[in-house]
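The working numbering runs 64 ahead of the 1-based position in the sequence shown.
We put the CB at the ideal spot given by N, CA and C, even for glycine.
Reading through the structure tokens given below for one structure.
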Amino acid sequence: MLETMRNQAQSWIAKVILLGIMLSFALWGVGDFFSDSNMDTVAEVDGKSISAQKFQNTYNQQLNNYRSMLGASFSKELADNLGLKENTLQTMINRQLMLDEAASQGLVGPTTTLLARIQATPAFQSAEGQFDASRYQALTRNLGFRTPVDYEHDQQLNLMVEALERTFTESTQITKDAIYQRFLEKEEKRDLTALIVETASLEKSIEMSDDDIQAYYDDNKSQFMSPVRLRLIAVDINAAKMLDLVEVKDDDVKAAYESSQDQWNSTEERRASHILVRLAPDAADDVKEAAQAKIEAVLARVKSGENFAVVAKEVSEDTTAAQGGDVGFFEKGRMVPTFEQAVFDLEKGATSDVVKTDYGLHVIQLTDIKAARQKTFDEVKEQVQVKLRMEKAGEASYEISRKLEDMLGQEDHLKDAVKDLDIALLDLGELSQQESMAQDLLRVDDEYRKQVFRSSVGDSIEVVEISSGRFVAVEVLERLDPQEQALADVKEQVTTFAKQEKVKVAVREQATALLAKHQGDLSSLAKASDAQVLYTAKAVKLDGTGDEKSGWLKNDLLDQAFLLEEGQVAAQVFETEKGFALVQVDRILTASDDDFALMRDDLETELRKSGGQSRFERWMSSVRQHHDIQVNKSILLKF
Numbered sequence: 065m066l067e068t069m070r071n072q073a074q075s076w077i078a079k080v081i082l083l084g085i086m087l088s089f090a091l092w093g094v095g096d097f098f099s100d101s102n103m104d105t106v107a108e109v110d111g112k113s114i115s116a117q118k119f120q121n122t123y124n125q126q127l128n129n130y131r132s133m134l135g136a137s138f139s140k141e142l143a144d145n146l147g148l149k150e151n152t153l154q155t156m157i158n159r160q161l162m163l164d165e166a167a168s169q170g171l172v173g174p175t176t177t178l179l180a181r182i183q184a185t186p187a188f189q190s191a192e193g194q195f196d197a198s199r200y201q202a203l204t205r206n207l208g209f210r211t212p213v214d215y216e217h218d219q220q221l222n223l224m225v226e227a228l229e230r231t232f233t234e235s236t237q238i239t240k241d242a243i244y245q246r247f248l249e250k251e252e253k254r255d256l257t258a259l260i261v262e263t264a265s266l267e268k269s270i271e272m273s274d275d276d277i278q279a280y281y282d283d284n285k286s287q288f289m290s291p292v293r294l295r296l297i298a299v300d301i302n303a304a305k306m307l308d309l310v311e312v313k314d315d316d317v318k319a320a321y322e323s324s325q326d327q328w329n330s331t332e333e334r335r336a337s338h339i340l341v342r343l344a345p346d347a348a349d350d351v352k353e354a355a356q357a358k359i360e361a362v363l364a365r366v367k368s369g370e371n372f373a374v375v376a377k378e379v380s381e382d383t384t385a386a387q388g389g390d391v392g393f394f395e396k397g398r399m400v401p402t403f404e405q406a407v408f409d410l411e412k413g414a415t416s417d418v419v420k421t422d423y424g425l426h427v428i429q430l431t432d433i434k435a436a437r438q439k440t441f442d443e444v445k446e447q448v449q450v451k452l453r454m455e456k457a458g459e460a461s462y463e464i465s466r467k468l469e470d471m472l473g474q475e476d477h478l479k480d481a482v483k484d485l486d487i488a489l490l491d492l493g494e495l496s497q498q499e500s501m502a503q504d505l506l507r508v509d510d511e512y513r514k515q516v517f518r519s520s521v522g523d524s525i526e527v528v529e530i531s532s533g534r535f536v537a538v539e540v541l542e543r544l545d546p547q548e549q550a551l552a553d554v555k556e557q558v559t560t561f562a563k564q565e566k567v568k569v570a571v572r573e574q575a576t577a578l579l580a581k582h583q584g585d586l587s588s589l590a591k592a593s594d595a596q597v598l599y600t601a602k603a604v605k606l607d608g609t610g611d612e613k614s615g616w617l618k619n620d621l622l623d624q625a626f627l628l629e630e631g632q633v634a635a636q637v638f639e640t641e642k643g644f645a646l647v648q649v650d651r652i653l654t655a656s657d658d659d660f661a662l663m664r665d666d667l668e669t670e671l672r673k674s675g676g677q678s679r680f681e682r683w684m685s686s687v688r689q690h691h692d693i694q695v696n697k698s699i700l701l702k703f
């Protein structure tokens with residue numbers, strides 16, 4: 065499935081992710097949900113049609129993803145500006161070409177590989193990690209496939225495409241010089257200094273007039289649209305709400321106890337008290353010596369016969385001191401290993417020597433032991449009864465969910481599907497995605513909630529298990545697209561954004577003016593300009609690693625900084641989370657050849673993949689020139 069994007073669509077991040085979405089779609093595509101007969105054709109690839117219905121299904125899927133990820137910022141105009149319609153069609157064409165080429169080269173998706181992939185997919189497995197056929201059937205329908213066979217056909221086509229891509233990757237030749245050059249690029253480090261004009265330094269001095277606010281609102285109305293709202297109805301089949309309706313016979317409870325007695329074995333538990341002298345693992349030697357002397361004095365007092373609890377209350381530095389050091393009963397696996405080992409090595413009433421843990425130094429006394437034993441039926445009867453009721457309720461909810469799923473295969477609407485079933489239809493009203501988080505049925509599973517808000521009127525209705533024994537189905541009755549909101553209703557938000565923008569402009573101008581003045585290093589410039597802050601990053605790599613605490617190390621800043629000579633200042637300013645920065649290279653640290661042998665294989669694999677991808681893209685461009693591709697633009701314009 066396509067993943068959602070949460071950044072602003074016009075930012076560089078959005079464009080990168082958009083490319084990722086399109087590449088992913090080109091490889092994975094969607095199932096063949098519709099027949100092509102008697103439908104308008106949007107495009108033809110060597111006479112094979114891409115129907116209007118198939119394109120609409122795919123394009124709507126893309127639009128719904130963007131609505132979900134951009135919320136109020138999304139609009140049809142934005143989609144058109146991004147070329148979403150054309151890009152969707154071209155990825156569908158590319159996929160068809162790749163499948164044709166894969167078939168012509170004899171590349172296939174082996175059935176054994178396909179089955180292994182499906183069975184190993186965690187989403188299709190039970191809680192015990194075993195492939196679950198009923199779960200597989202339900203989830204493939206949730207993914208938009210009519211039957212598991214459709215899903216398997218689609219996945220087999222994907223295996224063919226992957227095999228085609230591998231032919232490019234595996235045949236790409238990489239020279240030792242190229243690997244070494246990549247090593248130098250990745251492993252070179254630099255010490256950087258940034259003079260940052262901080263946003264906070266100008267915020268108080270910037271004032272906003274009504275004209276400023278109005279102008280910003282007029283230029284950015286798409287930012288202040290109302291959220292998408294859906295009018296929803298739903299079915300909630302919840303095993304937890306069926307418990308009171310489930311009866312369990314005493315004989316069944318007894319039989320369940322006897323067949324699973326190993327579940328009701330209690331393990332040995334021990335009760336201990338301790339006296340702690342705190343000592344950090346990295347403490348200085350003199351601190352360690354003082355702590356050791358203190359705990360040995362404690363041990364001597366206890367060994368001489370003083371009451372352990374009294375000494376603990378007086379000396380222990382643990383929160384249990386007030387209880388005489390008592391930590392209560394515990395079984396193995398509950399305490400830190402060294403403490404636990406000491407306790408389980410003691411005889412009842414005995415006192416340990418000094419025990420060291422990460423918390424410090426301890427003296428421990430074993431005060432009581434509860435032996436392991438088999439819990440009686442009377443002790444666990446209620447637990448067994450509840451377990452059986454939950455299992456029966458779960459079976460009942462599953463059976464009802466299957467009946468509903470069968471009915472949804474015959475009916476297009478929930479109200480028609482439930483009319484012959486004893487299931488309540490819930491009216492959820494009109495909800496935005498934010499508001500839906502307060503709705504019990506939708507807040508249980510974040511991914512399912514997002515899926516609902518990617519849906520449109522008329523989409524197929526799926527029965528989904530959102531938690532153990534709880535099955536839901538939701539139908540979209542109406543989709544209320546974002547509407548323009550009056551300035552009066554969003555003035556506070558507009559004012560905040562408008563001021564942020566005005567402050568940013570002022571900070572950029574001040575930073576640019578400082579850059580024009582610099583004649584030497586940035587430290588001299590900082591001294592000459594009041595209230596400017598110097599930041600440093602030591603031994604940082606091109607990807608930003610090495611000094612992760614320096615939040616101002618953004619990608620564009622690093623890209624430029626690694627093009628500079630030692631001592632140079634970049635010829636532009638860079639936006640950071642704190643403000644706008646001037647950047648200087650203080651020192652260049654070249655990569656060590658000692659590390660090359662350790663990294664060589666990984667670097668070769670990386671270069672082979674990137675080289676294979678470049679060859680694949682060039683090949684794809686060449687392939688398109690040798691195939692007959694016809695696009696019906698008049699049909700495309702209708703969407």
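Own chain partners of residue i with C-beta closer than 6 angstroms, once the 5 adjacent residues on each side are dropped
i	result
residue 281	551 and 558
residue 683	none
residue 192	none
residue 328	439 and 444
residue 632	649
residue 420	none
beta-carbon residue i near the ligand GTP non-hydrogen atom, thresh 7 angstroms
i	result
residue 204	The ligand GTP is not part of the structure shown, which contains no ligands of any sort.
Continuous alpha helix (DSSP H) stretch holding residue i: start and end
i	result
residue 321	314 to 323
residue 691	Note, residue 691: premise wrong, no alpha helix (DSSP H); not H, not E.
residue 493	Element bounds for residue 493: not the alpha helix (DSSP H) but the beta strand (DSSP E), 490 to 496.
residue 245	240 to 251
residue 365	349 to 367
residue 701	No alpha helix (DSSP H) contains residue 701, which DSSP labels as neither H nor E.
residue 22	Past the boundaries of the shown model lies residue 22; the chain is included only from 65 to 703, so the question cannot be answered.
residue 142	140 to 145
8 angstroms contact criterion, which residue i and residue j should meet: CB distance rounded
i	j	result
residue 537	residue 312	So it is not a contact: roughly 29 angstroms between Cβ atoms.
residue 414	residue 430	6 angstroms
residue 636	residue 586	Residue 636 to residue 586, Cβ: 14 angstroms. No contact.
residue 518	residue 129	6 angstroms
residue 427	residue 418	6 angstroms
residue 526	residue 205	6 angstroms
residue 259	residue 590	5 angstroms
residue 481	residue 471	4 angstroms
residue 238	residue 629	That pair is no contact at about 29 angstroms.
Opposing strand residues paired with residue i [DSSP bridges]
i	result
residue 195	189
residue 425	341 and 420
residue 153	The partner list for residue 153 (beta bridge, DSSP) is empty, contrary to what the question assumes.
residue 130	None; residue 130 has no bridge partner.
residue 113	108
residue 200	According to DSSP, residue 200 bridges with nothing at all.
residue 652	254
residue 415	429
residue 534	302 and 531
residue 289	548
Buried or exposed (CB count within 10 angstroms, at least 16 for buried), residue i
i	result
residue 389	buried
residue 253	buried
residue 158	buried
residue 690	exposed
residue 546	buried
residue 665	exposed
residue 218	buried
residue 640	buried
residue 529	buried
residue 248	exposed
Continuous beta strand (DSSP E) stretch holding residue i: start and end
i	result
residue 337	333 to 342
residue 302	293 to 302
residue 482	It is not in any beta strand (DSSP E) - residue 482 carries neither H nor E in the DSSP assignment.
residue 269	Per DSSP, residue 269 belongs to no beta strand (DSSP E) and is neither H nor E.
residue 601	597 to 604
residue 521	Where residue 521 is concerned, there is no enclosing beta strand (DSSP E), given that its DSSP letter is neither H nor E.
Nonlocal neighbours in the same chain, by C-beta distance under 7 angstroms from residue i, ignoring five residues either side
i	result
residue 316	452
residue 92	The predicted position of residue 92 is uncertain, since its pLDDT is 34 and thus under 50; a value taken from the coordinates is nonetheless stated next. Answer for residue 92: 222, listed in chain order.
residue 685	none
Proximity test, Cβ basis, 8 angstroms: residue i and chain C
i	result
residue 157	This model lacks chain C altogether, as it is built from one protein chain only.
Nonlocal neighbours in the same chain, by C-beta distance under 8 angstroms from residue i, ignoring five residues either side
i	result
residue 503	492 and 495
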